[in-house]
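What follows is the structure in structure tokens.
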């Protein structure tokens, strides 16, 4: 028996919205500790890793670990039927998990809707992501990162990210010319969500596809801050942290000429 | 244009 009730249903709507462009089918791995998902895009350039802790649900029940194979487009269509204020409950009888039940209850509980999503068999290779202590770890407002990606997209498909002790610089070069955005660390004590911090092991400079980075910024509504972790010749980690868990995106670098 | 690497160059399959 599997049951997970999330009072903040909007969170689940946003989470699915932030992965739907990247991944079409994925396995939700459910265990007594919570729900996780790991999936790559078709071109194996980007990977999303989602983790929601059992404590964030009330109640949460998962008698034994199992996987829910889901077509994310279909799940998204059903999630569109949930109101932003609804409480969302996921249920599956783990034995013959051939469908996932979704319950949407509105706050005054006089409107309850129930949907059944047919599950699929998805054999997806799992990647082992090595624990890395990164050359550079940058924290910044998530809206700022979203804007930088959107702005520099007008110049080029690629962005070079340079991190030094007291600056992170995003540079784009294209047909029309060039553009760059430089951010300096700030420690606005009164508004921590607006702060920019740089933890530097050593300077690092890497190039990435802005198409993918812009896609990752669909996670912006999930958190005020975004964490960027970079190491030479390693995939970029973009993390949006929530009370209930996190969503992490990994992006393989582009190798300059 | 520069060449896009694959994650499989960096992360091993389990």
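Residue numbers (the working numbering), protein chains in the order written: chain A, 7 to 263; chain B, 233 to 246. Note that CB positions come from ideal geometry on N, CA and C, so glycine has one too. Please read these numbers as outputs of a predicted model, since none were measured by experiment.
Straight-line measurement puts the Cα of residue 111 (chain A) at about 26 Å from the Cα of residue 72 (chain A).
Distance between residue 36 (chain A) and residue 142 (chain A), taken at the CA atoms: about 33 Å. In the DSSP assignment, residue 233 (chain A) is bridged to A:145, A:245.
By the Cβ test, the region 15-34 of chain A is in contact with the region 220-236 of chain A, since at least three Cβ pairs between them sit closer than 8 Å.
In terms of Cα proximity to residue 22 (chain A), the closest of A:83, A:128, A:200 is A:83. A check of alpha carbon separations from residue 116 (chain A) across A:172, A:93, A:31, A:129 identifies A:93 as the nearest. For the C-beta of residue 134 (chain A), the chain B residues within less than 9 Å are, from N- to C-terminus, 243, 244, 245, 246. Contact annotation: the region 56-69 of chain A touches the region 248-255 of chain A, with at least three C-beta pairs closer than 8 Å.
Looking at A:188, A:103, A:51, A:38, the one whose alpha-carbon comes closest to that of residue 215 (chain A) is A:51.
Between the region 118-131 of chain A and the region 205-219 of chain A there are fewer than three C-beta pairs closer than 8 Å, too few to call the two in contact. Interface residue (Cβ-Cβ distance to chain B less than 8 Å): residue 236 (chain A) is not classified as such.
Proximity to residue 235 (chain B) across A:206, A:236, A:164 peaks at A:164, based on C-alpha coordinates.
In the DSSP assignment, residue 15 (chain A) falls within the alpha helix (DSSP H) that extends over 15-25. Per DSSP, residue 85 (chain A) is one residue of the alpha helix (DSSP H) stretching across 78-85. Runs of the beta strand (DSSP E) lying entirely within the region 181-220 of chain A, each at least 3 residues long, are 184-189, 203-206, 210-215 in chain order. Listed as beta-bridge partners of residue 35 (chain A) by DSSP are A:42, A:73. The DSSP-derived three-state label of residue 111 (chain A) is strand. When secondary structure is reduced to three states using DSSP, residue 153 (chain A) falls in the helix class. Residue contact with chain B for residue 246 (chain A): absent (no Cβ-Cβ distance below 8 Å to any residue of chain B). Residue 152 (chain A) has its alpha-carbon roughly 25 Å from the corresponding atom of residue 91 (chain A). The beta-carbon of residue 53 (chain A) is placed less than 8 Å from the nearest beta-carbon of chain B. Annotation: the continuous beta strand (DSSP E) that includes residue 177 (chain A) extends over 173-179. In this structure, residue 88 (chain A) sits away from residue 41 (chain A), with a CB-CB distance that is not shorter than 8 Å. Where residue 121 (chain A) is concerned, the enclosing beta strand (DSSP E) starts and stops at 118-124. Under the Cβ distance rule, residue 256 (chain A) counts among the residues neighbouring chain B, one pair being separated by less than 8 Å. If you compare the alpha carbons of A:30, A:150, A:149, A:198 with that of residue 53 (chain A), the shortest gap goes to A:30. At least one beta carbon of chain B lies nearer than 8 Å to the beta carbon of residue 131 (chain A).
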